[in-house]
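Colleague: Numbering (full-length UniProt numbering), first residue to last: 1 to 165. C-beta atoms are modelled at their ideal positions from N, C-alpha and C, and glycine is treated no differently. Note that this is a predicted model, so its numbers are computed, not measured.
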C-alpha cells in the first residue's frame, strides 16, 4: 500500500478518489490554479513513482522517504521554497504508523508545515494546497525585500530606458 500521493493529487486537481489506485509507473503531470489573497497561484505537479529510490525501509517507510526528500530539497533546493508534509490517510487511524505529534515535531524542526489529510474523504486536501499558496508570496517577497518596480517600456523612437527601478 502506497502513501497516497497520487490519490492526494487526483483529489486536489479533479476532485476524484479511486478506491483502487494503481501504483504510479513513470510520471504524470497535473496542473491546478487557485485564487489566493488577490493573486493567482498555478500548481504544476509531477506525480512520480514513489518506490524507485528508497525500497524496503521499514515500518515507517513512507515517513522515512519523506524525510530523505526533505533533506535532499534542503541541500539542493531554493532556500525560500515552501515545503509541506501531508499526513495522508488520516481516515485510517487504526493503521497509523506515525503519530500526528511525531510528524508535527519533525515538521517544526525542519521548517515545514504539517497537515493531516485524507484523499479518500477529502479532509484538508484543498486546505493544504491553499496554505501552500498563501505562503508562496511571503516566501517570494522575502527573496527580494525591497521589491521591484516595473516601468513602462519606451515607445518606438524614444530613448531606451531601464525596465526596472
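1. List the whole-angstrom C-beta distance separating residue 91 from residue 120, where the pair is believed to meet the contact cut-off of C-beta under 8 Å.
2. Select from 16, 36, 107 and 2 the residue whose C-alpha is nearest the C-alpha of residue 22.
3. Should the stretch 90-106 be called in touch with the stretch 73-81, which here means at least 3 C-beta pairs below 8 Å?
4. Can you list, in chain order, the residues of its chain with a C-beta nearer than 8 Å to that of residue 123? Leave out the 5 residues immediately preceding and following it.
5. State the Cα-Cα distance for the pair residue 134 and residue 4, rounded to the nearest angstrom.
6. Rank 65, 38 and 35 by C-alpha distance to the C-alpha of residue 49 and give the top, closest one.
7. Where does residue 197 sit, in a helix, a strand or coil, going by DSSP?
8. In angstroms, rounded to a whole number, what distance separates the CA positions of residue 6 and residue 16?
9. What three-state label does DSSP hand residue 31 in the structure shown?
10. Check whether the Cβ of residue 5 lies closer than 6 Å to any heavy atom of the ligand COA, and answer yes or no.
11. Roughly how many whole angstroms lie between the Cα atoms of residue 131 and residue 19?
12. Between the Cα of residue 136 and the Cα atoms of 14, 39, 9 and 10, which residue gives the shortest distance?
13. Between which two residues does the alpha helix (DSSP H) holding residue 14 run?
14. Determine the direct distance from the alpha carbon of residue 36 to that of residue 166, and round the result to whole angstroms.
Modeller: Straight from the coordinates:
1. For the purposes of this step, residue 91 is identified with residue 91 of the chain shown, where counting begins at 1. For the purposes of this step, residue 120 is identified with residue 120 of the chain shown, where counting begins at 1. Sure, about 5 Å apart at Cβ, within 8 Å.
2. The residue you call residue 22 lines up with position 22 of the chain shown. For the residues 16, 36, 107 and 2, the minimum Cα distance to residue 22 belongs to 2.
3. no
4. Numbered from its first residue, the chain shown carries residue 123 at position 123. 90, 91, 116 and 117.
5. Residue numbering aside, residue 134 sits at position 134 when the chain shown is read from its first letter. Residue numbering aside, residue 4 sits at position 4 when the chain shown is read from its first letter. Using only the alpha carbons, I get a separation of about 24 Å.
6. Within the chain shown, numbered from 1, the residue matching residue 49 stands at position 49. Closest by alpha carbon: 65.
7. With the chain represented from 1 up to 165, any question about residue 197 goes unanswered, as that position is not in the structure.
8. Locating residue 6 in the chain shown gives position 6, where the first residue counts as 1. Locating residue 16 in the chain shown gives position 16, where the first residue counts as 1. Rounded to the nearest angstrom, the two C-alpha atoms are 11 Å apart.
9. For this step, residue 31 is matched to residue 31 along the chain shown. Strand.
10. Among the components modelled here there is no ligand, and therefore nothing to report on the ligand COA.
11. In the chain shown, the residue the question calls residue 131 occupies position 131. In the chain shown, the residue the question calls residue 19 occupies position 19. Between residue 131 and residue 19, the C-alpha separation is close to 26 Å.
12. Reading the chain shown from its first residue, position 136 is the one you call residue 136. Nearest option by C-alpha distance: 39.
13. Within the chain shown, the letter at position 14 stands for residue 14. Taken as a continuous stretch (DSSP letters only), the alpha helix (DSSP H) holding residue 14 covers 5-14.
14. This structure cannot settle anything about residue 166, because the visible part of the chain is limited to 1 through 165.
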